[in-house]
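Peer 1: Have a look at the structure that comes next, please.
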Amino acid sequence: MIKIKKFIGPASALALAVAAASPAMAKDYSQFGIEKDLPGTCSYEAIDAKDYSGRSLNVITHAIPVIGEPTALHAEQFAELTGAEVNVVHVPFGDLFQRIMIPFQSEQNAYDVLFYASLWIGDFNRFLEPVPQKYLDSTGMADVTDSFTGVATWNGQMIQYPMDGDRHYLKYRTDIFDNADVQAKFLADTGSELVVPETWEDYNKVAAYFNDSDWDGDGELNYGSAEVAKRDDLMFSAFISRAAPYAKHPNVKGGFFFDLETMEPLINSPGFVRGLKLFVDAQKSFPPGGNNFGLGDEIFSFGGGQTLMSYSWDDAYVQANGADSRIRNMVAAAPLPGAGEVWNRDTGKWDTFATPNRAPYMTWGWSSAVSSMSEEQDMAFDFLCFFSNEANAQHDLQIGRFGVNPYRDEHLDVDFWKGLGWEDKTANSYVSTLSNMEKSQNRVFDLRVPGVSQFMSSMANGVAEAMSGQKSAQEALDGVAKEWAEITDRIGKDRLREAYANVVKLEDNEG
Amino acid sequence: MNKVYHTLKTIFLLGWSIFVVFPFLWALTTSFKDANAITSGATYIPWVDFEPSSQGWTSLFTTGSQGINIIGPFIDSAVVTLIASLVSLILGTLAAYGLSRFEYRLGFVKNSDITFFFISQRIMPPIVLAIPFFLMLKELGALDTIFGLVLVYIALLLPIAVWVMTDFFSGIPKELDEMAMTDGCSPIGAFFRVILPNSVPGLVVAGMFCLIFGWNDFFFAFTLTFTETQLLPVSIVSLNSSVTPWWSLSAFALISVAPLACVAVIVERYMSRGTMSGAIR
Amino acid sequence: MLQIDHLTTADAKVTLDDVSFVFEAGKIYTILGRTGAGKTELLRALMGLNPLTVGTVKLDEEDITERPIRARNMSLVYQQFINYPHLSVLDNVAFPLRRQGKDKAEAHALAGQMLTTVGLGEFLQRRPAQLSGGQQQRVALARAMVKQSRILMLDEPLANLDYKLREQLREEFPRLVADNVESVILYTTTEPREAMELGNTMIVMHDGRVIASGAPADLFAHPPTKDTASVISDPPISFISGFVRDNCLYFSEGHLAPSEGLLLPADGPVTIALRPDAIEPDGAFNAQIGLSEFSGSQTIIHLDFDFGRAIMMVDGIEAFTAGNDISVSIRSEHIMLFAPDGGNITLRNNQNG
Amino acid sequence: MLSSKHFFLLPALLTLVAIILFPLLFTVRVSFSSWDVFQSGLDFIGGSNYVRVFEDQRFWQSLQRLSLLSIISVSLQYTLGFALALAVWKQVRGGRLMRVLFLIPMMTTPVVMSVIWRTVFHESLGPVNDILSAFGVGPVPWLSSATGAFISVLIVEVWQWTPFMFLLLLAGLVSLPKEPYLAAAIDGAGTWRTFWQVTFPLMAPITIGALIIRLIEASKIMDTVYVLTSGGPGTATETSSYYIYIRGLRDFQIGYSAALSLVYLVIMIISLTIIAKLLLRMLVGKDE
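So this is what it looks like as structure tokens:
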């Protein structure tokens, strides 16, 4: 726990109040580690004007550093600016859900502010306070991209406070892919050009080709692909990324995980099975222990230069291109590979696509919210607004381990990233990959329904069984589908459909 | 033959010592690494293999976003563990004495059933009790407090104290208490004047187990607190993010072992004196 | 005066069965019985440690049956050398005095005196564990005696000592307790010799009951029952089922037993008890040698007669080969007669003698 | 006597009952409800949670796995702990240092040490595979193969808890009576025979106590699995308590996990009682 206690006596509180009242004179806030305060609804100056001394705010967030460190940092700043006491507790991801849910269900007012995975909105929505109009009208909110406004919205109301934008995309080593010698050798060996993989079949092929050889010449073996494959980590995300292009047909509406009408699980449909087979196949190009990699291991592996390709969130990308990285500017971004054949569940056939079908996965992402039980809601929203103010957002984006990724239009600005020392290709490919995902009409979102953890852990378990060879891909996913049907029955079809409709609306671009 | 035996014994002891020390040594060297030193593969000797960094250690004493300050949790942990161990030891010792000296009967329930009831509490996996304890402490207003944790830890530690002390007392001849009583002590007086002063070895062992299990509990400390009370194992997992800082975790592991390593020294002293005879059986 | 009436206990391996007795102050009562005869249980019942189902304990006419142990003014020396391990020898002995409310100085003075009496004047500051077994038992004895309790009980105090120490302490014992004229002293033992040597009165217990009591010499000479005889004799007495016919004693048909000077009962079956010293080598009876063993300076030989088995004791260490035949004589003055069930039997004048 | 005997027992008994009674009864009640992530009420759905438990293959498999894991690990801990205790029993040189050293793993926090072990077993960045590769072995899939993960968990458990056995057994050895050894020496019994005929039987009571307590504790294994393998790969190291944890706190199926817990509890109590009886009969040759 990080406890920030700032004692501001009555005199200094008064002084602050006076300072706030006096006509604006741009104050210098650089002592807080930002370059300069940026104007906005919740700028340093605006928050400085508030006095919350004698009040305290309890915040639950993820473990340090991902999201946890910026939470602690901004909590510290907020406390200093307003005189409030801000208590922050950091919880490992695996237990964050229950740590929030137990107090919710037992009506214990434990935390005012919550940072958590945005997909839990399906479970938490009943306990969250809608974002007040004042903040909806704030400068920061106006610029949030449509995808992430959608992610924060439930039944037409914004109940999460956007502070992160997450999606999966491909990361690859330009020093290999753009190397003419390597290209020539690849062509000679395989008979095809070395290009950034367009389909997952290509991805596996390239990964396998480069696996187990020392292609960067540092004396240690290198490997093909680093993926999050540990069952209870974020493996479900990796699997969905791989399966989505085969299962998400751009012309088929009405649900990706379920058929919205019948609420029948689609998880064992041929598209998902194809994705799983390719995932199982990819294991041969993993580094040692790679099929037990959590996100941290994946970041270490790709970000540390051990592997050729990887796909997950921005953290590894930002870390790989950080100032002290050995592979700085040797990494570029690209859309997730797609599929040449897509399962059409309306016709029950595989449709062939000349240009591979892409299905960008807007996965997971951190979000924040205020508990409806909180007695400090005004302060809580001010804190969230401050957390994501223009200056803080810009600052946080630059630090890979913070896990804060672009979620506003202004963040998708090549010059901003070049300013961090990124070279053209690194910055351009990053910004264009992200922007194109925003524009895509075939996006996949998380299953944001009540009991999402049950669905995801059931799926991850099935995938893990297939990965370890205990079952075939089809058997494993049939098992998952059966469990999903049971979970659906327990939770109630109608309740699920109502929630799932929110997701389908986003996917079908009706939101 | 004897020589072969001695060589084998030495190899065995040496091998085991290395096995025991290995993770600590690894933690020690890791605690001085940074991300670059770790991602470049296994390295062992600072300055030679990698450039040392003190980040792992400083982060444990830094307040704010750069680290977790473990001093507060360290104190909380010590307070909770000590109080809960002390209470468990007192109650457990009394109960164990009663169970070893008197006959209790309640319907079909006899002494052995009561002892089993105590010990059976250890069979329950903590997860079973997480939610009920949460609700109970909520009703008591004891969530996120030292008091609440002490209460729960007593339930965890009391069975251990009863187990160790029952065995210990069964090794002390009953005649000793009777003699005290013929010499003019009440049953309670006999316990305090005669039995207790002779129970130090048992109390040391029972106390040690209480401290170990109290100090090392993670699950309840984790589930039953929010922000105010924070114990050591919980504060370390706040570093267990999706990117694991190997260096801080290593430094932390070494620090958290220190207090109980002192306990090991004390326990060893009693053990080699052979005075634990009845203490553990 | 300590009076017990109908003491009966239940719920233990050995139970007391209707034990009544009157003990007088200043006397030593030795309670003799085999292991499991109920000696310890009797002491524990007196102390109030074994719950009574029936019975009363009266001390000087006052009923103390329900009194807690600490208020009974008794003390006990155990067979195991039990002292307070955490206290010095001096504090061990001072412990009961302190409980009586005496101040430390006085308690220490009295305890010191008592320890000097038992010969431990030099070891006051030692811990009991640093003393030999005999010394430990002296500490226990000192602690039991120092408080001048009305009832001093010693439960086989010498049993766990080796032979020499046992002899030595036994010899000293009367002197050590001589001062306790106010106390009833109860001393249990399994050894007939010890019981006879130390006791003013000997009480024989068997199966949780008192089966005989009286002056040791009388009891030894004229045990009222077979059980008493058996308990008192060491080495063990032998019993043979015989009969009396026409005023003659027979071991069995055709085996006439010597009976000069014996009073015999009326015709009928009878239990013949042969003390080990009743049999001597060379004589009219033939037997086969069984096991032979040495006891001190004597040899004990098991003999198989045609009419039963008996034990012979001879002075000195002699080798007897098992399986060999031997002829022995049986002396009638060491023969005792009991009813076939082991009880007393009415004897008449032997018309022959 | 009546009041004083209650003076001793009642405080502890009442304290424990007071603390444990509510949670226990509550768990029983919850196991008959459908408490789940979307509804937290105590409705009544009869025994359907229990029916589900009996059909839940994953649970029964986890129980088998747990039995295997705890029996193997406790046997190893006992054997190694006994061997160590015998080895340092009469060791003079360096004996004290070694004894303290051997105790220390027991004192460490499992959840923290497992993190360290995870780095030790890390297949590409950890020291074990690095050292093994120097001998041309590997890379060993410590955490990514079913067997490897199972063995890794075993190694950590043995590392952590062998000291417990070592402590109990050494304390027992130190306080053994000397007479039987004299007798054995007079009989001319060798080291091996002395051990089996004198030491081992004398240690039987301690052995039983230590085995039972360790089995109880080992059956709760959770922290190690939680950090080291998360029950994976697949379900290769998923033990019962970890499975209950997944169902209860990850999936938030409170009602179902309560039913799982109670079934587990009953099974454990019965099987531990049977094991205790068997051990008594085997080692001491008597009941009770």
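Residue numbers (our numbering), protein chains in the order written: chain A, 43 to 553; chain B, 8 to 288; chain C, 639 to 991; chain D, 27 to 314. Where a beta carbon is used, it is the ideal one built from N, C-alpha and C, also for glycine. Since this is a predicted model, take the numbers as computed values, not measurements.
1) Taking only the alpha-carbon atoms, compute the straight-line gap between A:Pro112 and A:Met415 and give it to the nearest angstrom.
2) With DSSP as the reference, label A:Ser311 as helix, strand or coil.
3) List the endpoints of the continuous beta strand (DSSP E) containing D:Trp222.
4) Output the distance between the C-alpha atoms of A:Ser311 and A:Phe300, rounded to the nearest integer angstrom.
5) To test your reading of the DSSP string, which unbroken alpha helix (DSSP H) runs of 4 or more residues are found completely within the stretch 178-240 of chain B?
6) Using a Cβ-Cβ cut-off of 8 Å (strictly less than) and excluding sequence neighbours within five positions of A:Trp392, which residues of its own chain qualify?
7) Using a C-beta cutoff of 9 Å, does C:Tyr716 count as contacting chain B?
8) Are the CB atoms of A:Ala376 and A:Phe395 nearer to each other than 9 Å?
9) Whose Cβ in chain E lies nearer than 8 Å to the Cβ of C:Ile707?
10) When you compare the CB of B:Lys40 with every CB in chain A, is at least one pair closer than 9 Å?
11) Can you tell me which residues form a DSSP beta bridge with B:Asp41?
12) Along chain A, in chain order, which residues have C-beta atoms closer than 9 Å to that of D:Trp86?
13) Looking only at its own chain, which residues have a Cβ that is under 6 Å from the Cβ of A:Ala63, when we skip the five neighbours before and after it?
14) Measuring only between beta-carbons, confirm whether A:Arg539 sits less than 9 Å from chain D.
15) If we cut at 9 Å on Cβ distances, does D:Gly73 have a partner in chain B?
16) Name the chain B residues that come within less than 9 Å of A:Tyr542, Cβ to Cβ?
17) What is the DSSP secondary structure of C:Tyr722, reduced to helix, strand or coil?
18) Beta-carbon separation of B:Ala102 and D:Leu35 under 9 Å?
19) Count the C-beta pairs between the stretch 50-68 of chain D and the stretch 938-950 of chain C that are closer than 8 Å, then say yes if the count reaches three, no if not.
20) Would you list, in chain order, the members of the stretch 97-119 of chain B that have their beta-carbon closer than 7 Å to a beta-carbon of chain D?
21) Would you say A:Ser343 lies against chain B (beta-carbon separation less than 9 Å)?
22) Would you mind reading off the limits of the alpha helix (DSSP H) that contains D:Thr105?
23) Using three-state DSSP, classify A:Met351 as helix, strand or coil.
24) Can you tell me whether C:Ala867 is buried or exposed, with buried defined as 16 or more other CB within 10 angstroms of its CB?
25) Quick one: using the 10 Å Cβ neighbour count with 16 as the cut-off for buried, is A:Asn334 buried or exposed?
26) Confirm, please, whether the CB-CB distance from A:Gly136 to D:Ser88 is below 9 Å.
27) Less than 9 Å separating the beta-carbons of C:Ile666 and C:Thr826?
28) Where B:Ile262 and D:Val253 are concerned, what is the direct C-alpha to C-alpha distance, given to the nearest angstrom?
29) Rank A:Leu538, A:Leu99, A:Lys467, A:Gln147 by C-alpha distance to the C-alpha of A:Ala126 and give the top, closest one.
30) Any Cβ of chain D within less than 9 Å of the Cβ of B:Ser257?
31) With DSSP collapsed to three states, give me the class of C:Glu931.
32) Measure the C-alpha to C-alpha separation of C:Gly991 and C:Met834 and round it to an integer number of angstroms.
33) With a threshold of 9 Å between beta carbons, is A:Ala105 in contact with chain B?
34) Buried or exposed: where does A:Phe314 fall if 16 or more other Cβ atoms within 10 Å of its Cβ makes it buried?
35) Could you compute how far the alpha carbon of D:Pro131 sits from the alpha carbon of D:Pro189?
36) From the beta carbon of D:Arg122, is the nearest beta carbon of chain B less than 9 Å away?
Peer 2: According to the structure shown:
1) Each residue's Cα considered, the two are about 24 Å apart.
2) Three-state DSSP puts A:Ser311 in coil, outside helix and strand.
3) Premise fails: D:Trp222 is in no beta strand (DSSP E) and is neither H nor E.
4) 10 Å
5) 181-189, 194-197, 207-223, 226-230
6) Pro312, Glu383, Val384, Trp385, Asn386
7) yes
8) no
9) No chain E is present in this structure, whose protein chains are A, B, C and D.
10) no
11) According to DSSP, which records beta bridges pairwise, B:Asp41 is partnered with nothing at all.
12) Correct list: empty, because the minimum Cβ distance to chain A is about 15 Å.
13) A caution first: A:Ala63 carries a pLDDT of 42, below 50, which makes its placement in the model unreliable, though a value can still be read off. Around A:Ala63: no qualifying Cβ.
14) no
15) no
16) Going along chain B, no residue has its Cβ under 9 Å from A:Tyr542, so there is no contact; the nearest lies around 27 Å.
17) coil
18) yes
19) no
20) Leu98, Gly99, Leu101, Ala102, Tyr104, Gly105, Leu106, Phe109, Tyr111
21) A:Ser343 counts as touching chain B.
22) 83-115
23) strand
24) buried
25) buried
26) Not closer than 9 Å, so no.
27) no
28) 19 Å
29) A:Leu99
30) yes
31) strand
32) Because the pLDDT at C:Gly991 is just 37, under 50, the model does not fix this residue reliably, and the value given afterwards should be weighed accordingly. Distance between the alpha carbons of C:Gly991 and C:Met834 is about 31 Å.
33) yes
34) buried
35) 7 Å
36) yes
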